[in-house]
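Q: One structure, as structure tokens, below. Some questions next.
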Amino acid sequence: MAVSGVDLDVGAGELVILLGPSGCGKSTLLRIVAGVEIPTAGRVLIDGRDVTDLPPQKRDVAMVFQNYALYPHMTVRENLAFGLRMRRVQRAAVDTRVGQVAENLGIMELLERKPAQLSGGQRQRVALGRAIARNPKLFLLDEPLSNLDVQLRVTTRLELARLHRSLRVPMLYVTHDQEEAITLGDRVAVMNNGRLLQVDTPMKIYAQPATRFVGGFVGSPRMNFFTADLRAAGDDNIEMTALDGALRLQLARGGDAGPHRPARPNREPEASRCRVTVGIRPEDIAIGKAPDVDLVGRVEMVEPLGREVLVHVVAGGAEGARATELRLLTLPETSVQVGSDVGLSLERERLHFFDPVSEKRLIDPMAGQRLAGLA
Ligand SMILES: Nc1ncnc2c1ncn2[C@@H]1O[C@H](COP(=O)(O)OP(=O)(O)OP(=O)(O)O)[C@@H](O)[C@H]1O
Ligand SMILES: [Mg+2]
Numbered sequence: 002m003a004v005s006g007v008d009l010d011v012g013a014g015e016l017v018i019l020l021g022p023s024g025c026g027k028s029t030l031l032r033i034v035a036g037v038e039i040p041t042a043g044r045v046l047i048d049g050r051d052v053t054d055l056p057p058q059k060r061d062v063a064m065v066f067q068n069y070a071l072y073p074h075m076t077v078r079e080n081l082a083f084g085l086r087m088r089r090v091q092r093a094a095v096d097t098r099v100g101q102v103a104e105n106l107g108i109m110e111l112l113e114r115k116p117a118q119l120s121g122g123q124r125q126r127v128a129l130g131r132a133i134a135r136n137p138k139l140f141l142l143d144e145p146l147s148n149l150d151v152q153l154r155v156t157t158r159l160e161l162a163r164l165h166r167s168l169r170v171p172m173l174y175v176t177h178d179q180e181e182a183i184t185l186g187d188r189v190a191v192m193n194n195g196r197l198l199q200v201d202t203p204m205k206i207y208a209q210p211a212t213r214f215v216g217g218f219v220g221s222p223r224m225n226f227f228t229a230d231l232r233a234a235g236d237d238n239i240e241m242t243a244l245d246g247a248l249r250l251q252l253a254r255g256g257d258a259g260p261h262r263p264a265r266p267n268r269e270p271e272a273s274r275c276r277v278t279v280g281i282r283p284e285d286i287a288i289g290k291a292p293d294v295d296l297v298g299r300v301e302m303v304e305p306l307g308r309e310v311l312v313h314v315v316a317g318g319a320e321g322a323r324a325t326e327l328r329l330l331t332l333p334e335t336s337v338q339v340g341s342d343v344g345l346s347l348e349r350e351r352l353h354f355f356d357p358v359s360e361k362r363l364i365d366p367m368a369g370q371r372l373a374g375l376a
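Residue numbering for the sequence shown is 2 to 376, as defined by the numbering used here.
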């Protein structure tokens with residue numbers, strides 16, 4: 002089954018991004034909402050009305066398909082006007098509307114051309130325009146910017162955001178580009194393998210990924226992961242050991258922002274030791290001077306990214322174990338030599354803990370581990 006167990010709500014005037022890797026079921030979900038695919042189970046509601054049994058044309062949704070299909074024998078102008086003419090909108094009103102939309106999308110000079118005379122990116126904008134011109138109850142957009150070059154993608158993205166603000170029509174927008182998702186979405190729904198993993202604001206998804214997959218998928222460069230052993234040290238502290246002993250941290254339980262919330266009252270006694278997956282983003286590791294650092298590693302590679310530099314460091318690997326690679330971001334001014342040792346500091350409040358089996362985020366790593374039955 003391409004998609005299952007999905008429960009997603011797009012609020013009035015909201016732009017919800019459906020984000021996930023290729024093949025995870027994004028288009029399938031969109032096609033179900035549009036009515037071109039029939040679900041074997043579940044319901045689709047638009048404006049509170051059950052439309053599960055309605056054909057696409059009765060749902061009042063406009064969909065821009067991934068392989069946008071324009072009417073090849075019609076000009077751009079006729080393509081844009083088609084939906085309105087079908088609904089018998091008056092000619093003058095149609096002309097005005099088409100003009101507005103074409104202006105907004107920067108395709109005024111293309112109005113008299115046929116689709117075959119357009120580039121892929123131009124066709125994509127016409128497909129977008131055709132959906133916008135119709136003034137639907139809901140927009141379904143399937144990777145509407147995928148064929149545009151980087152510059153055009155950024156400007157069209159801004160245009161879409163502006164348009165969405167002025168139209169106030171809800172949008173469900175598919176992309177596999179996490180940058181597009183974060184910049185455009187009121188909320189982001191992260192999918193993998195046909196399931197929804199998390200639906201939250203972009204900042205919440207970035208700061209508190211619900212699973213290891215979400216942590217790794219959202220954010221660039223990618224989050225680092227490694228295995229760690231945790232040991233309770235009194236009621237308030239946790240000792241973390243990782244990277245074959247190269248990393249030892251004392252963590253406080255109970256910070257507000259961090260994952261270490263105060264223990265819930267009346268809980269059963271918990272494990273004193275457990276094993277977790279730790280995630281930390283490259284922007285949350287800093288280069289420092291020994292001895293005020295958490296660990297020392299060796300620089301393997303340095304990648305200038307322009308404003309920042311991505312440094313690959315290997316650490317751990319004592320007694321024949323495989324070393325772990327950690328990626329971190331630093332400023333170009335920081336001098337790092339390939340092959341040399343560097344000290345690293347990890348932002349305590351930005352450590353993410355995941356259950357190594359279920360891969361779910363652990364709010365209190367010690368308690369979570371006990372629930373997972375692994376202690
Ligand atoms: N008509 C179909 N019959 C059977 N399987 C299908 C059909 N359409 C898609 N699939 C499968 O369902 C899964 C989800 O496909 P879908 O097109 O929804 O992915 P997607 O998330 O949109 O990917 P992409 O980012 O590559 O467009 C894929 O494994 C795909 O091969
Ligand atoms: Mg798709």
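Backbone N, C-alpha and C fix where the C-beta goes; we use that ideal spot for every residue, glycine too.
Fair warning: this is a prediction, and the values are worked out from it, not measured in the lab.
Can you name the start and end residues of the alpha helix (DSSP H) that L31 belongs to?
A: Sequence index remark: in the sequence shown, residue 31 carries index 30 (1-based). 27-35 is the span of the alpha helix (DSSP H), which, as asked, contains L31.
Q: Taking only three categories from DSSP, how would you classify D48?
A: Along the sequence shown, one-based indexing puts residue 48 at 47. DSSP places D48 in the coil class of the three-state scheme, outside both helix and strand.
Q: Between the beta-carbon of A132 and the beta-carbon of G246, is there less than 9 Å?
A: For the purposes of this step, residue 132 is taken as the residue at position 131 of the sequence shown. For the purposes of this step, residue 246 is taken as the residue at position 245 of the sequence shown. Against a cut-off of 9 Å, the Cβ pair of G246 and A132 comes out as no contact.
Q: Note the first and the last residue of the continuous beta strand (DSSP E) segment covering F218.
A: Numbered from 1 along the sequence shown, position 217 holds the residue referred to as residue 218. Premise fails: F218 lies in the alpha helix (DSSP H), 213-218, not in any beta strand (DSSP E).
Q: Span of the alpha helix (DSSP H) holding F183?
A: Taking the sequence shown and counting its residues from 1, the one referred to as residue 183 is at position 182. Phe is not the amino acid found at residue 183; the sequence shown has Ile there. Its alpha helix (DSSP H) spans residues 179-185.
Q: Just list the beta strand (DSSP E) runs in the stretch 305-334, keeping only unbroken ones of 3 residues or longer that don't cross its boundaries, in chain order.
A: 310-316, 325-331
Q: Taking the alpha-carbon positions, what's the L19 to V358 distance?
A: Within the sequence shown, residue 19 is the residue found at index 18, counting from 1. Within the sequence shown, residue 358 is the residue found at index 357, counting from 1. If you take the alpha carbons of L19 and V358, they lie about 25 Å apart.
Q: Is E38 near ligand 2 - that is, is its Cβ less than 8 Å away from at least one heavy atom of it?
A: If you number the sequence shown from 1, residue 38 lands on position 37. The answer is no for E38.
Q: Give me the DSSP bridge partner(s) of S221.
A: Here residue 221 refers to the residue found at position 220 of the sequence shown. None; S221 has no bridge partner.
Q: Rank L332, S28, R86 by C-alpha distance to the C-alpha of R308 and give the top, closest one.
A: One-based indexing of the sequence shown puts residue 308 at position 307. Nearest option by C-alpha distance: L332.
Q: Just the C-alpha distance for T176 and Q199, rounded to the nearest angstrom, thanks.
A: Residue 176 sits at position 175 when you count from the first residue of the sequence shown. Residue 199 sits at position 198 when you count from the first residue of the sequence shown. Those two C-alpha atoms are separated by around 15 Å.
Q: Could you tell me if Y174 is buried or exposed, where buried requires 16 or more neighbouring beta carbons within 10 angstroms of its beta carbon?
A: Here residue 174 refers to the residue found at position 173 of the sequence shown. Y174 sits buried, since 16 or more C-beta atoms from the chains shown fall within 10 Å of its C-beta.
Q: Which class does F83 belong to by DSSP, given the choice of helix, strand or coil?
A: As a first step, residue 83 must be located in the sequence shown, where it is residue number 82. Residue state, collapsed to three classes: helix.
Q: For M241, list the residues DSSP reports as bridge partners.
A: In the sequence shown, residue 241 corresponds to position 240, counting from 1. M241 pairs with L231, L250.
Q: How many Å lie between L197 and T184 at the Cα?
A: As a working mapping, residue 197 is identified with position 196 in the sequence shown. As a working mapping, residue 184 is identified with position 183 in the sequence shown. Distance between the alpha carbons of L197 and T184: 20 Å.
Q: What distance in whole Å lies between the Cβ atoms of D293 and R387, which are believed to be in contact at a cut-off of 8 Å?
A: Lying before the first or after the last residue shown, residue 387 is absent from the chain, which here runs from 2 to 376.
Q: Collect the residues with a C-beta less than 7 Å away from any heavy atom of ligand 2 and give them in sequence order along the chain.
A: Residues lining ligand 2 by the Cβ criterion, that is a Cβ closer than 7 Å to any of its heavy atoms, are K27, S28, Q67, D143, E144, V175 in chain order.
Q: How close, in whole Å, do the beta carbons of N225 and I281 come, if the pair is a contact with beta carbons under 8 Å?
A: Position 224 of the sequence shown, counted from the first residue, corresponds to residue 225. Position 280 of the sequence shown, counted from the first residue, corresponds to residue 281. About 5 Å separates the two Cβ atoms, so the contact holds.
Q: Specify the secondary structure class of Q58 as computed by DSSP and reduced to three states.
A: Counting from 1 along the sequence shown, the entry for residue 58 is found at position 57. Correct three-state label for Q58: helix.
Q: Using the Cβ count rule (16 or more neighbours within 10 Å means buried), how would you classify H165?
A: In the sequence shown, counting from the first residue as 1, residue 165 sits at position 164. That one is buried.
Q: Kindly indicate the opening and closing residues of the alpha helix (DSSP H) around M109.
A: Your numbering for residue 109 matches position 108 in the sequence shown. Unbroken run through M109: none, as it is neither H nor E.
Q: Between the Cα of E180 and the Cα atoms of M241, P203, R328, R32, which residue gives the shortest distance?
A: For the purposes of this step, residue 180 is taken as the residue at position 179 of the sequence shown. Answer by Cα proximity: P203.
Q: Leaving out five residues on either side along the sequence, give the residues of the same chain with a beta carbon under 8 Å from the beta carbon of R158.
A: Numbered from 1 along the sequence shown, position 157 holds the residue referred to as residue 158. Once the five neighbours on either side are set aside, the close Cβ partners of R158 are L146, E181, T184, L185.
Q: Can H165 be considered in contact with ligand 1, in the sense that its beta carbon sits closer than 8 Å to one or more heavy atoms?
A: On the sequence shown, position 164 is the one that residue 165 refers to. No - ligand 1 has no heavy atom lying nearer than 8 Å to the Cβ of H165.
Q: What do you get for H353, buried or exposed, if any count of 16 or more other CB atoms within 10 angstroms of its CB means buried?
A: The residue given as residue 353 occupies position 352 in the sequence shown. Buried, by the Cβ-count rule.
Q: Within 8 Å, do at least three Cβ pairs link the stretch 47-67 to the stretch 89-100?
A: no
Q: Specify, as a first and last residue, the run of the alpha helix (DSSP H) that R131 falls within.
A: Counting from one through the sequence shown, the residue named residue 131 turns up at place 130. Looking at the DSSP string, the run of the alpha helix (DSSP H) that includes R131 is 121-134.
Q: Which two residues bound the contiguous beta strand (DSSP E) that contains T176?
A: Locating residue 176 in the sequence shown gives position 175, counting from the first residue. Per DSSP, T176 belongs to the beta strand (DSSP E) from 172-176.
Q: What would DSSP say about A258, mapped onto helix, strand or coil?
A: Locating residue 258 in the sequence shown gives position 257, where the first residue counts as 1. Here A258 scores only 37 on pLDDT, less than 50, and its place in the model should not be relied on; the value that follows carries that caveat. If DSSP states are grouped into helix, strand and coil, A258 belongs with coil.
Q: Quick check on the burial criterion: 16 or more other C-beta atoms within 10 angstroms. Buried or exposed for L306?
A: On the sequence shown, position 305 is the one that residue 306 refers to. Label assigned to L306: exposed.
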